[in-house]
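Protein chains in written order, with this note's numbering: chain A, 1 to 364; chain B, 365 to 728; chain C, 729 to 1092.
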Amino acid sequence: MIQLLCFLDTVVRTQFRLAAMNQHNDYTTLRLAHENGVARVTIDNAPVNVLDVALMTDLLRVLTALRDDHSVRVIAFESANPDFFIAHVDMSLVDQPDAFDLLAADIPDGVNVFQGLGEVLRRQPQVTIVKLAGLARGGGAEFVTAADMAFGAVGRAGLGQVEALMGIVPGGGGTQYLADRVGRNRALEVVLGAGLFDAATAERYGWLNRALPAEHLDAFVDGLARDIAALPDGVVEAAKHAIAPADLSEGYQREHDAWRGQFVRPATGGRAADPRRAGARCSDPRRRARPRGPVAQSAQVTETSVGWAWRSSALLDCVVSTWFLMVTDVEIPSTESVDEPGKRRRRHLPAASAPSSAPRGNTP
Amino acid sequence: MIQLLCFLDTVVRTQFRLAAMNQHNDYTTLRLAHENGVARVTIDNAPVNVLDVALMTDLLRVLTALRDDHSVRVIAFESANPDFFIAHVDMSLVDQPDAFDLLAADIPDGVNVFQGLGEVLRRQPQVTIVKLAGLARGGGAEFVTAADMAFGAVGRAGLGQVEALMGIVPGGGGTQYLADRVGRNRALEVVLGAGLFDAATAERYGWLNRALPAEHLDAFVDGLARDIAALPDGVVEAAKHAIAPADLSEGYQREHDAWRGQFVRPATGGRAADPRRAGARCSDPRRRARPRGPVAQSAQVTETSVGWAWRSSALLDCVVSTWFLMVTDVEIPSTESVDEPGKRRRRHLPAASAPSSAPRGNTP
Amino acid sequence: MIQLLCFLDTVVRTQFRLAAMNQHNDYTTLRLAHENGVARVTIDNAPVNVLDVALMTDLLRVLTALRDDHSVRVIAFESANPDFFIAHVDMSLVDQPDAFDLLAADIPDGVNVFQGLGEVLRRQPQVTIVKLAGLARGGGAEFVTAADMAFGAVGRAGLGQVEALMGIVPGGGGTQYLADRVGRNRALEVVLGAGLFDAATAERYGWLNRALPAEHLDAFVDGLARDIAALPDGVVEAAKHAIAPADLSEGYQREHDAWRGQFVRPATGGRAADPRRAGARCSDPRRRARPRGPVAQSAQVTETSVGWAWRSSALLDCVVSTWFLMVTDVEIPSTESVDEPGKRRRRHLPAASAPSSAPRGNTP
């Protein structure tokens, strides 16, 4: 806990430095609006809200700026892109090394910068609510899970911890948030299955507070945020004090060790040393986690090419993965008809398990 | 834990004093029946089973009296009122200060009298089961959650922690029971959303063991109670020993601090000092938590006027809230068509999130 | 933890001794197959996969043998019998005292041999997945719950902790696994209600990861196992390190005390001293836990006679229960029309609680 509190101080100090660097306080990857005690944060980091240095910086800045704003009781997060809340992490350090340097400065042992973002969110004095209309994967899914509440749109929202496909485990708190929220058995399935969970399944697993019909998501979340903001003075603080977040220090350390361990495995000569090998694996389009069934059909997801590479960062004293996503207008087919011998086959995660529901396709 | 055990002793001693005061041992707000190892406690505190001093006293008395009755293995709680299990707390100290004085005597630091009732219930050697046919709100919902098991009737049962609407958080253990049972994210939604949860949603959240068709609730719970009571000697004790309640001492303290803090906030000059202000807020009928959709339609809830006031109690060494409920024959409309500008609008909590279910109205 | 680690060492040593005893390493109650990193363990202990000494020995042996096999990343358990995964525990010590002697050797205080099997499974370095096509009861259900993940077939799979009907509580970790996974309220219902839970209900309670249409279970679990086994090096280890099993030492001790206490109750003169009395109770066919509704109809369970007896075992330094199951071709009727006065009546556990589902019969 001491480390985490130190980290929060560090974040505040870092934000001052970032603010000093900038000539103005505008956010480049999100929009902020206030109304009646609700701060609405609309993530807008085109094309698919990759969680890059710019977005991480802006999220930390807006959380820090709002922390002491007593006129704000609720922070509601949504996306300008109806298909993606946060597509995934993209640590393109090459482009903005200085900004990342500032973010990573003085981070205590055992809490990496990704865990730090989640912890800042968990410790926010306001109530934080995610309106999940589209997809959140990798670090994006961790952000959703770190928020106080999250509501998803049936048929459109999707959550996935897809890190395993790239040879790592979630390293931004996700393993700990999931184990706490959905139980160890389902957390292992989420992390190792690396599939995309639609809103209904995520609700059943307890990952989301609730899955709502897509056409009602806005009204429900907006109404909830407004109602909470209209409560008498002190109720939000009292509730967040009484229902405090668990101390995850030990779990963060274990997760970080597991996560970093994947970058520097002596047995393999270090995965970072051969990015092409891992990259080649991921270049198979069937290896990518993506929506299936109703999600795919409704969201018309349009990824066509995913590549990634490992990059070393002395700033983090560890290596972080980066991968890049190109968006085109090619629709992903909702079924896969080809399975090459010896290749990994992707199973279809059923959308629901009610006996009365239509059969869900599995590996053909 | 030491404090809690001391409290249990205190309760026993208090009960002796109460018994000495009374000329007979009859309960005024509940009925007790024994049969084949099952004690059936029927709450009957007309008109709507408000959890007042009389009912709290009777519940503590009956739990204490049964504690050492080895012929009883299961205690099943139900209500004489099909629409209300326990409507909410009503600490009408004005009417029975002496009785409340006895209840509150010698309560250790950090455990208030409401938490004490929940803790007595959690530590009861018998299996405690709630048959929830109607509504339980505020302290009534806390009682339900503190029991070992609870089953609710689809379309009729409802649970709500509505304290936030009155400027406080649940103070009788509810925040801790909920965080443990439904997870932090949903506990925050329950407490801060202050909505009423129907049985199906409460089951999905894990708040109830199970939601059952209303016509089967009696047979299911009665059968379960009978079966457990018919188990071989020692099984109930063994199961309750192996699956022990968690020690909530720290959480009780945190909750109590948060709860009491709402009564003595210097920033507002103390809410207790201006009961009319708070009362005026609650006089808006749209502000009250109450059943919606199927619950409202089936239960034909007939509240029309809710008022409340804050009262100071030196007996508790803190201030407790009191509010009063009048029941008339006017039915609450199931929808709200008017939203005055600037007024808080109530969202409709969807009854279920299954994709196939009918659309659930939200704020129009 | 020290005790548990010592126990693991003991298991390894015991296995060497068992291996030395045997002229070959074949398993008598299961089949083992390897393919692409997945070890498939097919339990085949006819007629109904009773968890007897032979099966316990084979399970410990195969887990021990696979522990250091780095070519295996996933262990998938399934049954050769479509109706039973593991019917229940059957410690027929009479037949194989030596084997059981070896199993029980050097078990530390507070961890009995049944808990030991669960703990070995929980600490397995590979990912363990149960494909539950039929029934698992008693120690069989504990095995399922101890695995990392479990998926069940709608309409066919069933889980039940039926020990209470025989006068004991689950003693192989089940109370602790359940409390952790489904919460205290539902764990008490499972243990004391002693009913059989179908896959859909078990999923809703969080007991199973997921209930799947029976015709998709194979493809889903096989696909998941294959996908996990195909992950890059180190991911499985990292995930299992980050999402570590909780230390249950204290809970194991509490469970063991509760469990063993049922065998040596001075108040009853010791149940072990009068096996016929307890056996007579269980000879009532209505007392037996068995599938109902869709499970019974689809699985065509064919038990007709259950007897059991208590046996004392100095090897375990405690008494263990044994009971025997005969399988005939007589189908269990799906409803019970007779209730003799004074006899325990069995309630029907509803298969699902969705309001739209057909009414579920209770005891008529």
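Every residue, glycine too, gets a C-beta built ideally from N, C-alpha and C.
- Task: Give, in chain order, every residue of the stretch 972 to 983 of chain C whose Cβ lies closer than 9 angstroms to some Cβ of chain B.
- Result: Correct list: G979, R982 and E983.
Review point. Listing by chain order, which chain B residues have their CB less than 9 angstroms from the CB of R912/C?
Key: Result: D512, D544, R545, I607, A608, P609 and A610.
Check: Quick one: does V964/C have its CB under 9 angstroms from some CB of chain A?
Finding: For V964/C, the answer is yes, since a Cβ of chain A falls inside 9 angstroms of its Cβ.
Nearest CA to the CA of R1100/C: which residue from A194/A, V38/A and A147/A? Residue 1100/C is absent from the structure shown; chain C starts at 729 and stops at 1092.
Nearest-angstrom Cα separation, counted from M149/A out to V546/B
Cα to Cα, V546/B sits roughly 12 angstroms from M149/A.
message: Strictly under 9 angstroms for the Cβ-Cβ distance: is T509/B near chain A by that measure?
response: No, T509/B lies away from the interface with chain A (no Cβ there is under 9 angstroms from its Cβ).
Original post:
What did DSSP end up calling V555/B once you bin it into helix, strand or coil?
Top reply: If DSSP states are grouped into helix, strand and coil, V555/B belongs with the helices.
> chain A beta carbons: is any one of them nearer than 9 angstroms to that of W571/B?
Replying inline: No, W571/B does not count as interfacial toward chain A.
Chain-order list of residues whose beta-carbon lies under 6 angstroms from that of N476/B (same chain, five-residue window excluded) = Within the same chain, H620 come within 6 angstroms of N476/B by CB-CB distance, once the 5 residues on both sides are set aside.
A238/A to V526/B, Cα distance in whole Å? Approximately 14 angstroms, taken between the alpha carbons.
message: Can you tell me where the alpha helix (DSSP H) holding H34/A begins and where it ends?
response: Not the alpha helix (DSSP H): H34/A falls in the beta strand (DSSP E), residues L30 to E35.
Quiz item: Ordered along the chain, which non-local residues of its own chain (more than five positions away) have a Cβ less than 6 angstroms from that of Y569/B?
Solution: V546 and R550.
Euclidean distance between Cα positions of A563/B and T509/B: Pairing A563/B with T509/B, the inter-Cα distance amounts to about 13 angstroms.
For a quick check, are the C-beta atoms of G139/A and V72/A less than 9 angstroms apart?
The beta carbons of G139/A and V72/A sit no closer together than 9 angstroms.
(message) Taking 9 angstroms as the threshold (beta carbon to beta carbon), is E483/B in contact with chain A?
(response) No, no contact with chain A.
Quiz item: Could one say the Cβ of K604/B lies closer than 9 angstroms to chain C's Cβ atoms, at least one of them?
Solution: Chain C contact via Cβ: present.
Short CB-CB distance (under 9 angstroms) between Q843/C and chain B = Answer no: the Cβ-Cβ gap between Q843/C and chain B never drops below 9 angstroms.
The beta strand (DSSP E) enclosing R181/A, as first and last residue numbers
From DSSP, R181/A is part of no beta strand (DSSP E) but of the alpha helix (DSSP H) over G174 to V182.
When you compare only the Cα positions, how much space is there between L419/B and E483/B? Here the alpha carbons of E483/B and L419/B stand approximately 16 angstroms from one another.
Notebook entry, point to check: Just checking my contact of G862/C with D811/C at CB under 8 angstroms: how many whole Å lie between their CB atoms?
Noted result: At roughly 4 angstroms, the Cβ-Cβ gap stays under 8 angstroms, so G862/C and D811/C are in contact.
*Determine which residues share a DSSP beta bridge with V491/B and list them.*
DSSP, once it has assigned bridges, lists V438/B as partnering V491/B.
ask   = Hey, would you say Q907/C sits closer than 9 angstroms to I607/B, going by beta carbons?
value = Just to set this straight, residue 907/C is Ala in the shown sequence, not Gln. In contact: A907/C and I607/B (Cβ atoms closer than 9 angstroms).
Minimum C-alpha distance to M59/A - residue among Y177/A, L165/A and D44/A
Looking at the sequence itself, residue 59/A is Leu, so the reference to Met does not match. When only C-alpha atoms are compared, the closest one is D44/A.
message: Check whether chain B comes within 9 angstroms of D985/C, counting only Cβ atoms and requiring the distance to be less than that.
response: Yes, D985/C counts as interfacial toward chain B.
* **Option in A517/B, R487/B, G522/B and L430/B with minimal Cα separation from V585/B** => With distances taken between Cα atoms, V585/B lies closest to A517/B.
- Message: So V127/A contacts chain B; which residues on that side make the cut at Cβ distance below 9 angstroms?
- Response: At a C-beta separation below 9 angstroms, V127/A has these neighbours in chain B: L552 and L556.
Q.
I'd like to know whether the C-beta of R851/C is nearer than 9 angstroms to at least one C-beta of chain A.
A. So, not an interface residue.
Buried or exposed (CB count within 10 angstroms, at least 16 for buried), T492/B
Looking at its Cβ environment, which holds 16 or more other Cβ atoms inside 10 Å, T492/B is buried.
* Does the beta-carbon of D339/A have 16 or more other beta-carbons within 10 angstroms, so that it is buried, or is it exposed? -> In this predicted model, D339/A has a pLDDT of only 30, less than 50, meaning its place in the structure is not dependable; the value taken from the coordinates is given anyway. By the 10 Å Cβ count, D339/A comes out exposed.
- Item | V41/A beta carbon less than 9 angstroms from that of I86/A | The Cβ-Cβ distance between I86/A and V41/A does not fall below 9 angstroms.
Is P232/A close to chain B, meaning its C-beta is less than 9 angstroms from at least one C-beta of that chain? Closer than 9 angstroms: yes.
As assigned by DSSP and simplified to three states, the class of I592/B: I592/B falls in the helix class under three-state DSSP.
Could you say which of N36/A, E78/A and L117/A lies nearest to D52/A if we only look at CA atoms?
Sorting N36/A, E78/A and L117/A by C-alpha distance to the C-alpha of D52/A places L117/A at the top.
Using a C-beta to C-beta distance shorter than 8 angstroms, which residues of chain C count as neighbours of A175/A? For the record, residue 175/A in the displayed sequence is Thr; it is not Ala. Residues of chain C with a Cβ closer than 8 angstroms to the Cβ of T175/A are, in chain order, A967, A970 and I971.
*asked:* Any beta carbon of chain C sitting closer than 9 angstroms to that of E399/B?
replied: No, no contact with chain C.
### Per-residue burial, E567/B [other beta carbons within 10 Å of its own, 16 or more giving buried]
E567/B counts as buried, since no fewer than 16 other beta carbons sit within 10 angstroms of its beta carbon.
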